[in-house]
Amino acid sequence: MATLENIVHHPFFLPILYGVVLVLVLPLLIGYLVLLERKIMADMQARLGPMRVGPHGLLQPLADGVKLMLKEDITPTEADRWIFWVAPIVTFTAGMTALAAVPFGPGFQVADLNVGLLFVVAVSALGIFGIVLGGWASNSHYSLLGALRSAAQIVSYEVAGGMALVSGLLLGGSLSLRRLVEAQHGEGAWFVFLAPVGFFIYFVASVAETNRAPFDLPEAESELVAGFMTEYSGFRWVIFMMAETANMIVVASVATVLFLGGWLRPFASTRELDFLDYLPPLLFLVLAAYCFWRTPKQPVGIQKGVMALFALICLGLAGAEGWALTLPADSALRAAIHGGFWFLLKVFLYLYSFYWIRFTFPRYRFDQLMRLGWQFLIPVAIVHVLAIGSALLLRQRAGWGLWPAMGLATLVTLLVAAWLAGGKERPAYLPSEPGG
Amino acid sequence: MADTRTPSFPGVQTTILGADEIILNMGPQHPSTHGVLRVKLRMDGERIVASECIIGYLHRGVEKIAEHRSYQQFAPYVDRMDYVAAVSNGLGYCEAVEKLLGVEAPPRASVVRTILTELQRIASHLLWLGTHALDIGALTPVFYCFREREEILKIFEKYCGARLTTHAFRIGGLQYETYDGFEHDVARFCQDFATKIDEYERLLTENRIWVGRTKGVGVLTAQDAIDLGVTGPVLRASGVEWDIRKAFPYAAYDQYEFKIPTGPNGDTYDRYLVRMEEMRQSRHICLQAIENIPAGPILAKVGKVLKPPPGEVYHSIEAPKGELGYYVVSDGTIQPYRVRVRPPSFINLQAFDRMVRGHLVADVVAVIGTIDIVLGEVDR
Amino acid sequence: MTDEPADKQPAKQAEPPKGEQPSAAQPKAPRVEAQPAAPAKPVVPPAKKEEPPGPKPLDSPLVLRFRARFGEAIRDAVIDRKQAILVVEVGRLREIAEYARDEEQFDMLTDLTATDWPKREKRFEVVLNLYSFPRNERLRLKAQAAENEKVPSVTGVWGAANWLERECYDMFGIVFDGHPDLRRILLPDEWQGHPLRKDYDILTQDTAWVRENLGIESGQ
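Protein chains in written order, with the working numbering: chain A, 1 to 436; chain B, 437 to 816; chain C, 817 to 1036.
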């Protein structure tokens, strides 16, 4: 019988609910992340960024979305129609599906798989199909070159990234993403402090896997126009861009779960610092207050309205977080609401560093990129896995404390890395090459 | 074609799979060719075997026009060649015609010309730095560089009314007196500028990625540079310490003390360092010059109608891009018989082929950027 | 990155070339002193301000050396606005260029261009501007060529001549003998006419080319 009672208590209810929320919220989130990137880019470049559409550009994503949807859909004449059509969809779907296993709070995930980490990494890797199909189907030299390069780059850094994840895995003891966060709660320390080298390797690998600068040669404007995306316009291009941002969210989520403590607030195990629980509502209150204060300063009425609306949303979120505080300390809902806040904050910080790096560094040339991946990152990642494993053995068999053992592992790995990086001065070109 | 990259071991048969060379065409519309330049690359895989620059998309017949305008009427046309550094073009032309006439600009005009030309050199190098960094992938320096360039263009605007194609000088000196506060503006700009150059250097000079993309790329030996007639920062970075401001001083350059930066290897990194240091030296010259601008007339007595005695002259200056020369032939009438512009970008671009052989496609944009060409000057 | 303080010598009189540096075009060219633009010219009393500038005969050690080597091939030696000019016979241009580069150390070809004097018997005047790093001296070589006369190419002497001669060919129609790749450089390959000739009017265009390639009727 399909009564409300039955529906709500059906075991598939929550997953479907979360899935629907994910599908609805994700594009909006992606849109605002793109706006955030533009504003951060502008800030670093001594300018303002989008300011016109909505107060401080807050309605820019909506305007962009509308424009791109109404744009003329151009398909190259010789392009393979069906593959051209399906390529962006494959990439975006892969990214979105990978988010299904990611926990935004304890139990706050679409599917609590016991092989969650493996699932996320594997499914997000399916995105490469979309890239290569897109490049091929465009029937253009530039696109094909860009797509192949992209694929080669992603696959290479997948290895290093995967190994870095393994080192976190060894500490956590399970592939289930939820258990990994709980393990960090149990150890009382986020894994980034126990295995910083692993986090760093994963960070670099994730920048390369999402084709972000300084590893964005495949889509560098000045080299190959836009790589595999060159021939896409309008809505199809939007899907590719959304897929790229979705990928970024996926890697950020994986890093957050594995290294940054997932939904845990800082010092989750320390009872004395429980006042930190008041931070989420406080933060939103401050944001709401600021927005209310800026509302009368907006030049035009409609912008005032939007700013006030934004302030009300912040107020609402502050209210939600505050209300969660009134729930008992071990309530799942409270953990979910607060956990969601901390999780998203960490993901944003991770993404902020992505943006920061993009606007600071020049681009690697492709051979330098591959050299970095294969000749530096992978060896260091392998050594790190061995080191962490040995450290855990030391802890188990020889009774070493956790921190000394991890410290030793980190030290050994850093020495090896320094030796690999410092060693010989790599010339730009090998000596046997024709120099002109 | 022997593949020198495959190592050969004794007793091992190596079969080279036949691979065709592909021809890749860059431009004329391309974000990084700095104008309408078409580059045809013959590549073996990703490595460039040969290249050809196809130019002429911006050819406007400036030299032909010169034969149909009077000497003063032609002066604004000169700005449009190297439109990034218009003041230098004007200086070269005015000085060439002054030589033809046998007059000299008064000291005050010389000094003001020097100041404006050095500011223009800084502005040109700033634009070069921003776009070069942008091509290599650093998205931020271009905004900082344009912020500084904006200050210089404001000074130009206050002085002569135009920012880009300034027509700042006249034959015989200057037309406009410096405005009230000129020295103050220039001094303030120069004071702020030192920290700004440090800012750019902090972003790029020691950055591993930047060094990796520019060291060893586009090497031009001094021998090749001299043979190809390359001048300017490209020549200096190849180790030849030569600057027309020191070799054949013009305007007021012999009164000021400045250094000529050179580089040891002649690669892109050295050209970057040479131009950064040149900006510092230009700032130094400006500071020296504004301390003591002599009083006096700003225009020599040349009369309204210019009819230089028949003859010819070749006069060159150190433009930001290289040696900018004017070969002016007069037949005694009010219009020049022939004006030939020796364009530094055109001649430097010839070296492109030699610089880019053996490199990868990604280095092509770095090399085009490092030669610092302006298509207006290449094509005239 | 090295930089050395510039040597400030009073740029007053012309001195004979220093001559310590033996060979031309060294990779590390010697530090250049601030010498005046005037190459070795006879000491002219400076108080001749009234005399208008113009070409005057030149008789310097450099000219004497050239004349000694090439005799009649050096048609004329002139100094104009303090710049030395040698008018040479076009047939021996290449030899003279090689001599200039090798013996006289003029290692850089600054510019190569031409001028059209239609009233002359030999209408084109090919002009080479040379520069010597060791001596900090400029020299201009001029050779007069008739309309269909081939001018020897100096691409083998200075690599810079490649594009410069192509431009001369493009603008004037002067054919350079021995040039590896003589074709138009600034104008489209199929363009008819040579614009910088004096009989090519400023408003003339190759209307056929414009019609074919741009699809418009030439407005001129």
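Ideal Cβ positions, reconstructed from N, Cα and C, are used throughout, including at glycine.
Please read all numbers here as calculations on a predicted model, not as lab measurements.
Check                                                                                                                                                                           : Outcome
Give a single yes or no on whether residue 146 of chain A has its beta carbon closer than 6 Å to a heavy atom of the ligand ATP.                                                : For the structure depicted, the ligand ATP is absent and the ligand set is empty, with no information on it obtainable.
Spell out whether any CB of chain B is found under 7 Å from the CB atom of residue 417 of chain A.                                                                              : no
At a CB-CB cut-off below 7 Å, which residues of chain B make contact with residue 217 of chain A?                                                                               : 798
Would you call residue 728 of chain B buried or exposed, if buried means 16 or more other Cβ atoms sit within 10 Å of its Cβ?                                                   : exposed
So residue 931 of chain C is in the alpha helix (DSSP H); what residue range does that whole segment cover?                                                                     : Unbroken run through residue 931 of chain C is the beta strand (DSSP E), 924–932; no alpha helix (DSSP H).
Quick one: does residue 645 of chain B have its CB under 7 Å from some CB of chain A?                                                                                           : yes
The beta strand (DSSP E) that contains residue 49 of chain A, what's its start and end?                                                                                         : Per DSSP, residue 49 of chain A belongs to no beta strand (DSSP E) and is neither H nor E.
Which same chain residues end up closer than 6 Å to residue 723 of chain B when comparing Cβ atoms and leaving out the 5 residues on each side of it in sequence?               : 626
Measuring alpha carbon to alpha carbon, tell me which residue in B:753, B:704 and B:758 is nearest residue 782 of chain B.                                                      : B:758
Would you kindly work out how many angstroms separate the C-alpha atoms of residue 341 of chain A and residue 348 of chain A, rounded to a whole number?                        : 11 Å
List the residues of chain C whose Cβ lies closer than 7 Å to the Cβ of residue 564 of chain B, in chain order.                                                                 : What residue 564 of chain B touches in chain C: nothing, since even the nearest Cβ is about 17 Å away.
Going by alpha carbons, who is nearest to residue 652 of chain B out of B:699, B:669 and B:606?                                                                                 : B:699
Please list the terminal residues of the continuous beta strand (DSSP E) segment that includes residue 953 of chain C.                                                          : 953–961
Applying the criterion that 16 or more other CB atoms from any shown protein chain within 10 Å of the CB defines a buried residue, is residue 932 of chain C buried or exposed? : buried
Which chain B residues sit within Cβ distance under 8 Å of residue 949 of chain C?                                                                                              : 662, 676 and 678
So what's residue 945 of chain C in DSSP terms, helix, strand or just coil?                                                                                                     : strand
Could you check how far apart the C-beta atoms of residue 736 of chain B and residue 538 of chain B are, in whole angstroms? I think they sit under 8 Å.                        : About 10 Å separates the two Cβ atoms, so there is no contact after all.
Whose C-alpha, out of A:105, A:187 and A:117, is nearest the C-alpha of residue 98 of chain A?                                                                                  : A:117
So with CB distances below 8 Å, who are the chain B contacts of residue 213 of chain A?                                                                                         : 573 and 575
Would you be able to state if there are at least three C-beta pairs under 8 Å between the region 522–529 of chain B and the region 565–576 of chain B?                          : no
For chain A, is any of its Cβ atoms less than 7 Å away from the one on residue 649 of chain B?                                                                                  : yes
What do you reckon, are the CB atoms on residue 170 of chain A and residue 388 of chain A nearer than 7 Å?                                                                      : yes
What residues from the region 911–928 of chain C come within 8 Å of chain B, judged by C-beta to C-beta, listed N to C?                                                         : 923, 924, 925, 926 and 927
Kindly indicate which three-state DSSP category residue 938 of chain C falls into: helix, strand or coil?                                                                       : coil
Between residue 694 of chain B and chain A, is any beta-carbon pair separated by less than 7 Å?                                                                                 : no
Identify the contact partners of residue 361 of chain A in chain B, using a Cβ-Cβ distance below 7 Å as the criterion.                                                          : 574, 643 and 645
Indicate whether at least one CB of chain B lies closer than 7 Å to the CB of residue 157 of chain A.                                                                           : no
What does the Cβ neighbour count give for residue 69 of chain A, buried or exposed, with the cut at 16 atoms within 10 Å?                                                       : exposed
Spatial neighbours of residue 111 of chain A within its chain, please: C-beta separation below 7 Å, excluding the five flanking residues on both sides.                         : 15, 100 and 101
For residue 192 of chain A and residue 162 of chain A, I'd like the C-alpha separation in whole angstroms.                                                                      : 16 Å
What does a CB cutoff of less than 7 Å around residue 264 of chain A pick up in its chain, not counting 5 residues either side in sequence?                                     : 181, 184, 185 and 342
Please name the residue, chosen from A:33, A:359, A:5 and A:160, that lies closest to residue 580 of chain B on a Cα-to-Cα basis.                                               : A:359
Which residues bound the beta strand (DSSP E) around residue 488 of chain B?                                                                                                    : 483–490
Using 7 Å as the limit for Cβ to Cβ distance, is residue 1031 of chain C near chain B?                                                                                          : no
Looking at the structure shown, is residue 698 of chain B part of a helix, part of a strand, or coil, going by DSSP?                                                            : strand
Taking residue 961 of chain C as the query, report the chain B residues whose CB atoms sit under 7 Å from its CB, ordered along the chain.                                      : The premise fails here: residue 961 of chain C is roughly 16 Å from chain B at the closest Cβ pair, so nothing lies under 7 Å.
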